[in-house]
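Engineer:
2 protein chains.
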Amino acid sequence: MGQTKTEQFTKADIELAALAKAMAHPARVAILRILLERRACICGDIVEELPLSQSTVSQHLKELKEAGLIQGDIDGKKVCYCINEQTWKQAQQLLDAFFADYTSCGSSCC
Amino acid sequence: MGQTKTEQFTKADIELAALAKAMAHPARVAILRILLERRACICGDIVEELPLSQSTVSQHLKELKEAGLIQGDIDGKKVCYCINEQTWKQAQQLLDAFFADYTSCGSSCC
DNA sequence: TGTTCTTATCGTAATTATACGATGATAAAA
DNA sequence: TTTTATCATCGTATAATTACGATAAGAACA
Chain A
1 MGQTKTEQFT KADIELAALA KAMAHPARVA ILRILLERRA CICGDIVEEL PLSQSTVSQH
61 LKELKEAGLI QGDIDGKKVC YCINEQTWKQ AQQLLDAFFA DYTSCGSSCC
Chain B
1 MGQTKTEQFT KADIELAALA KAMAHPARVA ILRILLERRA CICGDIVEEL PLSQSTVSQH
61 LKELKEAGLI QGDIDGKKVC YCINEQTWKQ AQQLLDAFFA DYTSCGSSCC
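Keeping their order, the protein sequence lines are chains A and B. Quick note: the first sequence uses this note's numbering, first residue 1, plus one each step. Quick note: the second sequence uses this note's numbering, first residue 1, plus one each step.
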């Protein structure tokens, strides 16, 4: 997207933005939800759950993997995806801390 | 980004993705953090805190406003920004519920 | 009224994202 | 070995994002 000035921001802000970016597409949210619901690894029939081609889904999986939210391990000729527990909990904490930082400014406000 | 197939997904997934998208840029995270830290409305000198031009910051503010995360009210010739309490808490709940849905798949996993 | 200050919007260029089909790569089955 | 199945990657077209300067819009002040 045009020039990017990412390096000019705080490490924390960049990290949070990267996490948000990984979740910034309905397909990726849907993938995460599928993996959450099945509570186990699921081999590639994620493609059949989504209205996208195999190559497109593979790209989304790659982005989620690069963000660390999921992991994929080879199992024969299939690939086993699941939520990456550690990163997931880190992300949870990160977001939780960010949103919890809010305190109402009450009536002295807009 | 090329074709978009947003309408083919669940309402919940689209909503969460939209929220994530609003936070998917360091500048917007930084803006939110500024508004959080000051614990009050802040009239427009957000621009001076960021390494971006006034027009670019205004664009980011617009996106955050459209996502509902912030609100801006006119105060004389300045504009007063602050976190939108209601939407903020909704977003918090949405994310919290999503991330809390995880249960470890233990050793029967990848 | 005219000027100044503040913010939003317009127009535009560069870069990234999204999506698909086609092709590779690898492992299991025939 | 050949075939089949599964998944990743490449190449490419289209659309969205990001960023900026320039300009418009509005309120406050002279």
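The C-beta atom is built at its ideal place from N, Cα and C for all residues, glycine as well.
Since I believe ALA27(B) is in contact with ALA20(A) (beta carbons under 8 Å), could you give me their beta-carbon distance rounded to a whole number of angstroms?
Structural biologist: Not a contact, Cβ separation roughly 12 Å.
Engineer: Taking the alpha-carbon of THR10(A) as reference, which of GLN8(B), ALA18(B), LEU32(B) has the nearest alpha-carbon?
Structural biologist: Taking only the C-alpha atoms, the option nearest THR10(A) is LEU32(B).
Engineer: Pop quiz: LEU35(A) and CYS82(A) are said to be a contact at Cβ under 8 Å. What is the actual Cβ separation, rounded to whole angstroms?
Structural biologist: That belief holds up - the Cβ atoms of LEU35(A) and CYS82(A) are roughly 6 Å apart, short of 8 Å.
Engineer: Quick check on ASP75(B): buried or exposed, where buried means 16 or more other Cβ atoms within 10 Å of its Cβ?
Structural biologist: Counting Cβ neighbours within 10 Å, ASP75(B) comes out exposed, since fewer than 16 surround it.
Engineer: Quick one, which of CYS41(A), ALA40(A), LEU61(A) has its alpha-carbon nearest ARG50(A)'s?
Structural biologist: According to the sequence shown, residue 50(A) is Leu rather than Arg. Among CYS41(A), ALA40(A), LEU61(A), the Cα nearest to that of LEU50(A) belongs to LEU61(A).
Engineer: Can you tell me the Cα-Cα spacing of GLN86(B) and CYS41(A), whole angstroms?
Structural biologist: Roughly 36 Å between the two C-alpha positions.
Engineer: I need the straight-line Cα distance from GLU7(A) to VAL29(B), nearest angstrom please.
Structural biologist: Spanning the two alpha carbons is a distance of roughly 14 Å.
Engineer: Which chain A residues sit within Cβ distance under 7 Å of LYS5(B)?
Structural biologist: Chain A residues near LYS5(B): PRO51, LEU52.
Engineer: Kindly list, in the order they appear in chain A, the residues whose Cβ is closer than 7 Å to that of GLN92(B).
Structural biologist: Chain A residues near GLN92(B): PHE99.
Engineer: Please name the residue in ALA97(A), CYS105(A), MET23(A) whose C-alpha comes closest to that of ASP13(B).
Structural biologist: Minimum Cα distance to ASP13(B) is reached at MET23(A).
Engineer: Quick check on ALA100(B): buried or exposed, where buried means 16 or more other Cβ atoms within 10 Å of its Cβ?
Structural biologist: It is exposed - the Cβ of ALA100(B) has fewer than 16 other Cβ atoms within 10 Å.
Engineer: I'd like to confirm the pairing. Which residues does DSSP put opposite LYS78(B) in its beta bridges?
Structural biologist: BP columns for LYS78(B) point to ASP75(B).
Engineer: Alpha helix (DSSP H) containing ILE14(A): first to last residue?
Structural biologist: Note, ILE14(A): alpha helix (DSSP H), 11-22.
Engineer: Span of the alpha helix (DSSP H) holding PRO51(A)?
Structural biologist: Where PRO51(A) is concerned, there is no enclosing alpha helix (DSSP H), given that its DSSP letter is neither H nor E.
Engineer: Please return the same chain residues whose Cβ sits closer than 6 Å to the Cβ of GLY44(B), not counting the five positions on each side in sequence.
Structural biologist: Excluding positions up to five away in sequence, the list reads LYS78, VAL79.
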